[in-house]
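Working notes for the structure below.
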Amino acid sequence: MFRNFVIAVGAVALTAGVAQADTVTGAGATFPAPVYTAWSQAYRASGGDALNYQAIGSGGGIKNIKAKTVDFGASDKPLQAGDLAAAGLVQFPTVIGGVVPIVNLPGIQSGQVKLSGPLLGDIFLGAIRSWDDPRIAKLNPGLKLPRLPITVVHRSDGSGTSFIFTSYLAQTSQPWSTKVGASDSVNWPTGLGGKGNDGVDAFVKQTVGSIGYVEYAYARKGGVSFTLVQNKAGQFPQPEAPAFAAAAAGAPWGRAPGNYVLLINQPGAKSWPISGATFILLYKNQDNAQKAANVLKFFDWAYKNGDATAAKLDYVPLPAPVKNLIRKQWLQIQAGGKPVYISK
Amino acid sequence: MTPAGETAPRITDSRGVIRAGRQDAIFQGLCFSAAMVLMLTLVGLLISLVIGGWPALSHFGLKFFVSREWNPVTDEYGAAGPIVGTLVTAVLAMAMALPLAVGIAVFLVEFCPKAIAGWVAASVELLAGIPSIVYGMWGLFVLAPWFAEHVQTPLMLALDPDSFWGKLLTGIPNGANIFTASLILALMVLPYIATVFRELLLTVPTYVREAAYGMGCTPFEVVRSIMLPYIKRSGIGAVMLGLGRALGETMAVTFIIGNSHDFPTSLFASGSTIASTIANEFAEATGDMHSSALIALGLVLFVITFAALAAARLLIGKETH
Amino acid sequence: MSTSAKAPLFDRHTRRKLVNYLFVAITSLATAVAVIALLLILVSLFKNGLGGMSWHIFTMDQPSPGGEGGLKNAIIGSLIMCSLGMVMAVVIGILAGTWLAEYGSGSKLAPVVRFLNDVLLSAPSILVGLFVYEMLVRPFHGFSALAGAVSLAFLATPVVTRTTEDILRLQANHLREAGMALGAGKGLVIRAIIWRASSTGLVTGALLGFARISGETAPLLFTSLGNAYTSWDLTQPIGSLPKVIFDFALSPYDDLRQVAWVGALLISITVLSANIIGRALARGSHK
Chain A
336 MFRNFVIAVG AVALTAGVAQ ADTVTGAGAT FPAPVYTAWS QAYRASGGDA
386 LNYQAIGSGG GIKNIKAKTV DFGASDKPLQ AGDLAAAGLV QFPTVIGGVV
436 PIVNLPGIQS GQVKLSGPLL GDIFLGAIRS WDDPRIAKLN PGLKLPRLPI
486 TVVHRSDGSG TSFIFTSYLA QTSQPWSTKV GASDSVNWPT GLGGKGNDGV
536 DAFVKQTVGS IGYVEYAYAR KGGVSFTLVQ NKAGQFPQPE APAFAAAAAG
586 APWGRAPGNY VLLINQPGAK SWPISGATFI LLYKNQDNAQ KAANVLKFFD
636 WAYKNGDATA AKLDYVPLPA PVKNLIRKQW LQIQAGGKPV YISK
Chain B
26 MTPAGETAPR ITDSRGVIRA GRQDAIFQGL CFSAAMVLML TLVGLLISLV
76 IGGWPALSHF GLKFFVSREW NPVTDEYGAA GPIVGTLVTA VLAMAMALPL
126 AVGIAVFLVE FCPKAIAGWV AASVELLAGI PSIVYGMWGL FVLAPWFAEH
176 VQTPLMLALD PDSFWGKLLT GIPNGANIFT ASLILALMVL PYIATVFREL
226 LLTVPTYVRE AAYGMGCTPF EVVRSIMLPY IKRSGIGAVM LGLGRALGET
276 MAVTFIIGNS HDFPTSLFAS GSTIASTIAN EFAEATGDMH SSALIALGLV
326 LFVITFAALA AARLLIGKET H
Chain C
24 MSTSAKAPLF DRHTRRKLVN YLFVAITSLA TAVAVIALLL ILVSLFKNGL
74 GGMSWHIFTM DQPSPGGEGG LKNAIIGSLI MCSLGMVMAV VIGILAGTWL
124 AEYGSGSKLA PVVRFLNDVL LSAPSILVGL FVYEMLVRPF HGFSALAGAV
174 SLAFLATPVV TRTTEDILRL QANHLREAGM ALGAGKGLVI RAIIWRASST
224 GLVTGALLGF ARISGETAPL LFTSLGNAYT SWDLTQPIGS LPKVIFDFAL
274 SPYDDLRQVA WVGALLISIT VLSANIIGRA LARGSHK
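Protein chains in written order, with our numbering: chain A, 336 to 679; chain B, 26 to 346; chain C, 24 to 310.
This is how it looks when you write it as structure tokens:
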């Protein structure tokens with residue numbers, strides 16, 4: 336009986352049939368995974384190729400495109416122009432999101448607490464330890480904050496969300512910049528580490544007096560209150576799609592080499608200060624022109640038809656001028672001296 | 026046909042060739058090759074770890090093992106926190122799981138009514154089949170809040186913060202700490218040890234047990250003095266299975282240990298283990314030094330495992346034949 | 024038993040009986056703890072997982088948020104990789120365990136192999152995954168189901184080896200002597216007699232190995248990657264239940280989390296069924 340089983344398994348192994356050679360494979364950031372998978376399903380339904388996107392982390396996306404084990408990589412953390420040139424890659428953004436601080440305070444609703452970059456820096460450094468600290472009260476006149484110790488909740492795993500949040504802290508809080516810095520994984524001076532946005536969300540829900548930071552989609556779920564953050568113009572916009580779009584609109588897309596743009600503290604009265612785009616990485620010189628063309632064809636389709644899906648999933652589509660800019664940049668992706676894909 | 030006194034009986038085929046001998050040689054060769062494949066895998070794994078971790082180890086030297094600072098931004102890496110976390114959780118988990126597992130195995134073999142013995146045994150085995158991510162999720166969403174509310178908070182209110190117990194049990198009351206992580210680990214490790222112990226206890230020959238009962242021993246004495254010593258040497262294997270799982274478990278621990286890189290200063294403080302640190306950071310680590318430091322951590326875990334298993338062997342005694 | 028004039032309250036006989044009762048109570052308690060823990064977890068699993076059960080789970084590929092879908096691609100992928108991995112693990116594990124128990128006795132190599140096997144047993148699965156990535160993914164420029172199966176095999180083999188050796192060792196020598204007295208060579212004695220006598224133990228080893236790998240996520244992230252579509256190709260990325268659970272359980276979309284619970288429930292049910300079937304088969308072969 337065992338022998339028959341072995342023969343059967345061997346037969347399956349040898350005759351493994353349908354070679355899905357025209358499946359495009361991409362891997363990387365977790366943040367855009369839901370929208371990429373939604374797009375790929377709609378794309379396939381409309382007659383396009385099968386696109387397999389797997390979320391293994393931005394670092395994984397970068398590592399794997401460099402090792403050429405995937406057709407494209409995805410990263411929440413843009414590579415600097417120098418690194419791009421050294422690796423022979425190009426990068427372009429696809430969607431935009433925001434990072435939102437969340438708190439658990441009795442009697443406090445979403446959008447009541449106002450914070451600023453320096454305040455957040457001090458809180459996450461452990462310099463401000465209680466919610467009734469006068470520095471917080473100064474920004475929130477009239478709001479009665481309870482006398483509770485502040486429990487900081489951060490990410491235990493490396494992530495683009497942490498990268499965006501710490502970049503914001505580094506840009507707005509001098510002590511944070513010198514003591515900790517910005518990266519997808521930092522040496523947090525204080526607090527608990529939750530795994531994933533979900534872990535942070537759970538810890539904040541469970542711990543009264545805690546503060547954490549999550550992607551916008553998680554902040555919209557029930558159980559925790561989000562705070563407002565002061566932007567460069569001194570205003571306190573609500574963390575919603577229009578605010579993220581405003582941040583993207585004001586950004587210097589065309590002027591940044593390699594599209595290295597951080598949507599942190601962008602100008603504009605309505606801009607959400609802790610926003611970020613997510614990026615796709617592709618080789619400038621392609622060995623397989625057809626594969627590269629398929630990747631670009633997919634994203635072109637997504638630019639044209641994917642806005643509604645993205646919005647439904649709480650992402651913000653790129654502004655149209657940026658999309659056209661990107662399409663022109665695609666001409667640099669070539670095989671044998673000719674662009675692999677020309678958008679129509 | 027077989028000359029009396031020969032130690033290895035042989036069967037020859039029609040041409041006089043020793044068929045059984047050749048078959049035996051092939052079979053023995055196969056078994057040996059399998060054992061070698063196993064060895065080669067491990068050696069290969071070790072070599073790849075050394076190659077990957079060398080940049081970090083050569084750069085930091087001994088400081089890597091004692092420094093508490095883990096900073097991906099400045100590329101300063103010290104593994105003291107995860108190392109201590111790994112050791113503490115593994116020891117705690119084994120301390121909780123081993124007595125439970127032996128108790129369960131003994132119960133199933135000696136005391137459990139035959140009618141339900143099969144079901145209970147199956148339930149214990151089922152604990153092993155639950156995916157580790159489910160343990161993680163259950164730990165985070167069910168155990169942690171319960172623990173915070175019913176164990177940590179009452180203890181915090183009742184104990185003087187400066188007393189010994191107060192210091193030992195201090196921590197943020199949200200249930201995500203070294204102790205609850207060890208609890209979950211113990212639950213995960215328990216079924217492996219219990220299942221194997223039960224199988225081993227079942228191999229104790231009936232006549233041995235009957236002889237003991239015949240002399241008037243109570244079941245406790247039979248178990249303690251006859252059955253457990255009988256399987257002691259093979260029982261080490263079961264303990265190894267459990268210890269191995271406790272040292273290397275990743276997903277479940279990551280969810281509930283609180284993930285701070287520093288030394289855990291109390292039982293209820295958050296900490297991290299080597300496996301959870303690697304799992305948390307490897308996917309995103311782009312810096313070469315960061316990746317290398319994580320692989321070096323993996324190498325450290327291997328060394329710890331070597332040492333722990335060697336120590337266990339010394340304590341329990343060599344497996345003689 | 025006590026002949027002392029003072030006749031203490033707990034003479035030796037009573038004391039032994041009390042100790043025994045205490046022992047029974049403690050072991051029953053231990054078992055109760057395990058069973059209760061299991062019930063608590065199962066209740067969570069069923070409560071959250073049953074709600075999402077439907078035919079779609081088995082007929083549709085994984086959903087995107089807000090869309091319809093099931094776990095077909097993940098189920099098929101897991102089945103393929105676990106079966107392949109188990110075949111490799113059982114073959115190598117039983118043979119290696121046999122070598123350790125039967126042939127390695129005098130050799131100096133045996134304690135080394137045994138020790139290294141235990142070390143491999145404790146290897147964090149993520150490191151095994153990284154190793155297979157370097158061996159089978161990077162050189163071939165692609166993730167594959169085969170790499171995933173190999174990494175699972177690396178995780179299950181030490182379990183099978185360990186239990187095989189322990190069980191074989193415990194078989195009484197008179198079985199071996201009887202076989203040899205009948206004229207069988209050592210290999211035949213092992214295959215025809217010892218293996219059959221240990222069949223329940225061997226099956227247990229295989230089941231423990233299967234339980235070990237059925238819920239593993241970390242190594243698959245680096246070897247089989249994952250696939251949103253059903254694939255039968257061993258040289259391409261393939262989906263798996265643990266990967267889908269990992270992705271969906273931590274997402275903010277309730278419909279995806281529901282699917283994750285269903286996946287977790289499926290894995291647990293599979294392991295339980297494998298247990299029941301395995302035991303029945305082993306018991307059957309004894310007759």
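Each residue gets a CB set at the ideal place from its N, CA and C atoms; glycine is no exception.
Identification of residues in the region 54-75 of chain B having a C-beta nearer than 7 Å to some C-beta of chain A yields an empty set.
For A/D536, not one C-beta of chain B is nearer than 8 Å to its own C-beta. Per DSSP, the beta-bridge partners of A/L450 are A/V564. Of the candidates C/V151, C/H36, C/V56, C/M104, C/M104 places its Cα closest to the Cα of C/L257. Taking the CA atoms as reference points, C/L150 sits about 33 Å from C/W218. The residue among B/F327, B/L339, B/V145, B/A337 with its C-alpha nearest the C-alpha of C/L144 is B/F327. Between the beta-carbon of C/G72 and that of C/A287 there is about 6 Å, and that keeps the pair under the 8 Å contact cut. The Cβ-Cβ distance between C/L94 and C/L289 falls below 8 Å. Look at C/F69: its C-beta is not under 8 Å from any C-beta on chain A.
The region 220-236 of chain B and the region 188-198 of chain C touch, with three or more beta-carbon pairs separated by less than 8 Å. Leaving aside the five residues that flank A/P587 on each side, the residues in its chain whose CB is nearer than 7 Å to its CB run, in chain order, V596. By the Cβ neighbour-count rule, B/T111 is buried, with 16 or more other Cβ atoms within 10 Å of its own. Using a Cβ-Cβ cut-off of 7 Å, C/H164 is close to K403, T404 of chain A, given in chain order.
When only Cα atoms are considered, A/P476 and A/L563 end up about 14 Å apart.
By the 16-neighbour rule on beta-carbons within 10 angstroms, C/R280 is buried.
Residue-level contact check: A/L617 does not touch chain C, since none of the beta carbons of chain C fall below 8 Å from its beta carbon.
Distances from the alpha-carbon of B/G260 to those of B/F293, B/E235, B/A236, B/Y217 put B/Y217 closest. Cβ-Cβ distances below 6 Å link B/A335 to nothing in the same chain once the five nearest sequence neighbours on each side are left out. In the DSSP assignment, A/I431 falls within the beta strand (DSSP E) that extends over 424-438.
Just so you know, the alpha carbons of C/L193 and C/L243 end up roughly 36 Å apart. Counting only the Cα atoms, A/T513 lies some 24 Å from A/W607.
Boundaries of the alpha helix (DSSP H) harbouring A/R662: 655-664, taken from the DSSP string.
Beta-bridge partners assigned by DSSP to A/K632: none are found.
Within chain B, M265, G269, L334 have C-beta atoms less than 7 Å from the C-beta of C/D141, given in sequence order. Per DSSP, reduced to three states, the secondary structure at C/G129 is coil, with no helix or strand assignment. The C-beta of C/N250 comes closer than 8 Å to at least one C-beta of chain A. Taken in chain order, the members of the region 300-332 of chain B whose beta-carbon sits within less than 7 Å of a beta-carbon on chain A are N305, E306, A308, E309, A310, T311. Contact between A/K556 and C/P275 is confirmed by a C-beta separation of about 6 Å, below the 8 Å threshold. Legend: CB atoms of the region 470-502 of chain A lying less than 7 Å from CB atoms of chain B belong to residues T486, S491, D492, G493, S494. Residue environment for A/D622: exposed (fewer than 16 other C-beta atoms within 10 angstroms of its C-beta). Residue pairing by DSSP places C/R219 opposite no residue, since no beta bridge is assigned to it. Within 10 angstroms of the beta-carbon of A/T429 lie 16 or more other beta-carbons, which makes it buried. A straight line joining the alpha-carbon of B/A147 with that of B/A140 spans about 13 Å. Cβ neighbours of C/M109 within its own chain (closer than 6 Å, five residues either side excluded): F233. With the rule of 3 Cβ pairs closer than 8 Å, the region 506-520 of chain A counts as touching the region 449-462 of chain A. Looking only at B/A130, B/E101, B/L55, B/V113, the smallest Cα-Cα distance to C/V58 is reached by B/A130.
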